[in-house]
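Taking it in order: structure first as structure tokens, then the write-up.
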Amino acid sequence: YANQRHGNQLDSFSKQKGNALRQGSSWRGSRGLLALLLVVTCGCAAATWLYVTSLDSDITESLARQREIISPEPRVYLVPCSEDYDNYKRYPGCTPQKCGRAVTDSAVTREEAQVLRRLAERALALAGSEGGASILDLHSGALSMGKQFVNIYRYFGDQIRDVFTQEDFQLYRDVRGRIQAIVARTFDLDPTLLYLTKPTFFSRINSTAAKTQHDEYWHPHIDKVTYGSFDYTSLLYLSDYGSDFTGGRFVFMDQNANRTVEPRAGRVSFFSSGSENLHRVEKVTWGTRYAITVSFTCDPAHAISDPTLP
Ligand SMILES: O=C(O)CCC(=O)C(=O)O
Ligand SMILES: [Fe+2]
Numbered sequence: 001y002a003n004q005r006h007g008n009q010l011d012s013f014s015k016q017k018g019n020a021l022r023q024g025s026s027w028r029g030s031r032g033l034l035a036l037l038l039v040v041t042c043g044c045a046a047a048t049w050l051y052v053t054s055l056d057s058d059i060t061e062s063l064a065r066q067r068e069i070i071s072p073e074p075r076v077y078l079v080p081c082s083e084d085y086d087n088y089k090r091y092p093g094c095t096p097q098k099c100g101r102a103v104t105d106s107a108v109t110r111e112e113a114q115v116l117r118r119l120a121e122r123a124l125a126l127a128g129s130e131g132g133a134s135i136l137d138l139h140s141g142a143l144s145m146g147k148q149f150v151n152i153y154r155y156f157g158d159q160i161r162d163v164f165t166q167e168d169f170q171l172y173r174d175v176r177g178r179i180q181a182i183v184a185r186t187f188d189l190d191p192t193l194l195y196l197t198k199p200t201f202f203s204r205i206n207s208t209a210a211k212t213q214h215d216e217y218w219h220p221h222i223d224k225v226t227y228g229s230f231d232y233t234s235l236l237y238l239s240d241y242g243s244d245f246t247g248g249r250f251v252f253m254d255q256n257a258n259r260t261v262e263p264r265a266g267r268v269s270f271f272s273s274g275s276e277n278l279h280r281v282e283k284v285t286w287g288t289r290y291a292i293t294v295s296f297t298c299d300p301a302h303a304i305s306d307p308t309l310p
């Protein structure tokens with residue numbers, strides 16, 4: 001009986017040894033498989049990285065950082081004009097022959113930008129969009145209110161004089177004149193053949209969710225297509241990217257790269273309005289962003305005059 005037990009023990013010992021040997025070889029097998037998997041994964045990652053860096057259209061570079069001061073001359077980036085302009089009447093001395101973008105911090109001071117921003121704050125405090133994007137157009141009087149617009153001059157009547165002063169309007173006219181001069185000089189235009197056009201408006205953007213299409217400011221667009229009369233667009237920023245708000249950079253969407261302009265109070269960014277300058281604004285993620293869109297046309301029929309206090 002004892003022997004038999006011993007024999008059984010031997011028997012089971014050799015069985016266990018056999019199992020151990022089998023387990024050992026299967027472990028070696030799966031280690032090999034793991035190594036192969038690792039090599040394949042690394043290979044795939046490397047190939048993907050190479051592909052992404054060679055073909056990617058999402059390379060982002062900055063044309064103007066918030067912290068730098070572009071002065072006294074504008075920083076200019078020329079790009080070939082699109083064929084859009086062939087489909088419109090040509091105005092010699094104004095229709096873009098030279099296209100591109102430019103940025104300057106010397107056309108408007110930070111103090112002037114602050115005065116204009118306060119003006120926008122006061123007016124927009126009267127109403128404002130329910131969603132994240134509100135506008136104030138001093139020319140037409142349009143002011144965002146809830147899900148629509150009201151005419152600020154009609155709606156508030158004489159009360160408007162508590163919000164705006166003659167000096168505010170004078171500054172607005174002054175600033176737009178300086179911007180017009182710099183646009184004309186940069187693109188070799190006759191400044192008298194370039195006219196202010198509509199819409200020219202203040203914008204206030206925060207991170208509140210959009211309630212209507214009017215609040216969806218972030219869509220890529222071409223100003224000449226969106227607004228028709230535009231030949232040159234300029235943007236005067238009234239707040240600082242990074243400290244007043246985050247997100248909200250302006251992005252030129254080129255074939256092979258996104259090129260950003262970081263808003264800075266007093267900074268003027270301007271560009272030809274055709275499809276050579278497809279662009280968008282990043283969603284504002286925190287804080288409040290103020291800007292003025294000042295637009296110019298070559299077509300005297302689309303000219304508007306400076307606003308005056310009623
Ligand atoms: O506010 C901006 O930076 C750009 C606004 C814009 O693209 C526009 O008004 O057409
Ligand atoms: Fe635009």
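According to UniProt numbering, the stretch in the sequence shown is residues 1 to 310, in order. By construction, the Cβ of each residue, glycine as well, lies at the ideal position given by its N, Cα and C atoms.
Closer than 7 Å to a non-hydrogen atom of ligand 1 - does that hold for the CB of SER203?
Yes, ligand 1 has a heavy atom inside 7 Å of this Cβ.
Am I right that MET253 and LEU278 are in contact with their C-beta atoms under 8 Å? What's the rounded C-beta distance?
With a Cβ gap of about 5 Å, MET253 and LEU278 count as contacting.
Run through the segment 100-148 for me and flag every whole alpha helix (DSSP H) of 4 or more residues, listed as ranges in chain order.
Counting only runs of 4 or more, we get 110-125.
Look at the Cβ atom of LEU126, then the Cβ atom of VAL163, and state whether they are nearer than 8 Å.
At a Cβ-Cβ threshold of 8 Å, LEU126 and VAL163 count as neighbours.
Backbone secondary structure at ARG90 - three-state DSSP
In the three-state reduction of the DSSP assignment, ARG90 falls in the coil class, being assigned neither a helical nor a strand state.
Does the distance from the C-beta atom of GLU208 to that of THR246 stay below 8 Å?
The sequence as given places Thr at residue 208; Glu does not occur at that position. No.
Distance, Cα to Cα, GLY242 vs GLU216?
Those two C-alpha atoms are separated by around 21 Å.
Work out the CA separation of LYS147 and ILE179 for me, nearest whole Å.
For ILE179 and LYS147, the distance between alpha carbons rounds to 32 Å.
Closest to THR260 by CA distance: which of ILE59, SER203 and ALA47 is it?
Closest by C-alpha distance to THR260, out of ILE59, SER203 and ALA47, is ILE59.
Is PHE250 near ligand 1 - that is, is its Cβ less than 7 Å away from at least one heavy atom of it?
Checking the Cβ of PHE250 against ligand 1 gives yes.
With ARG173 as the anchor, note down where its alpha helix (DSSP H) starts and where it stops.
Boundaries of the alpha helix (DSSP H) around ARG173: 166-186.
Which runs of the beta strand (DSSP E) spanning at least 3 residues fall entirely within the segment 241-277, listed in chain order?
Entirely contained in the segment 241-277, the beta strand (DSSP E) runs reaching 3 residues are, in chain order, 245-247, 250-253, 258-261 and 268-272.
Contact test: HIS279 Cβ vs ligand 2 heavy atom, cutoff 7 Å:
Yes, the beta carbon of HIS279 sits closer than 7 Å to at least one heavy atom of ligand 2.
Taking the Cβ atom as the reference point for each residue, do GLU130 and TRP218 lie within a distance shorter than 8 Å?
Judged by their CB atoms, GLU130 and TRP218 are not nearer to each other than the 8 Å cut-off.
Considering Cα atoms alone, identify which of PRO307, GLN255, VAL251 and ALA64 is closest to PRO199.
The candidate whose alpha carbon is nearest that of PRO199 is PRO307.
Simplified DSSP assignment, three categories, for GLY43
Look at GLY43 here: in three-state DSSP terms it is helix.
GLY157: which of GLY141, TYR237 and TYR172 sits nearest, CA to CA?
Looking at GLY141, TYR237 and TYR172, the one whose alpha-carbon comes closest to that of GLY157 is GLY141.
Is the CB-CB distance between ASP231 and THR297 below 8 Å?
In this structure, ASP231 lies near THR297, with their beta-carbon atoms less than 8 Å apart.
In three-state terms, what does DSSP make of THR192?
Note: THR192 maps to helix in three-state DSSP.
Is it true that the CB of TYR172 sits closer than 8 Å to the CB of LEU116?
With contacts defined by Cβ atoms closer than 8 Å, LEU116 and TYR172 form a contacting pair.
According to DSSP, is SER234 part of a helix, a strand, or is it coil?
Strand.
To the nearest whole angstrom, what separates the beta carbons of GLY132 and ILE222, a pair I think is in contact under 8 Å?
With 8 Å as the limit, GLY132 and ILE222 do not qualify as a contact, their Cβ atoms being about 23 Å apart.
Neighbour-count burial assignment, GLU61, 16 or more Cβ in a 10 Å radius:
So GLU61 ends up on the exposed side.
Could you give the DSSP three-state label for GLU83: helix, strand or coil?
It is helical.
Cβ-heavy atom distance between THR297 and ligand 2 below 7 Å?
The beta carbon of THR297 sits no closer than 7 Å to any heavy atom of ligand 2.
When the Cα atoms are used, what is the spatial distance from PRO310 to TYR153?
Approximately 8 Å between the Cα atoms of the pair.
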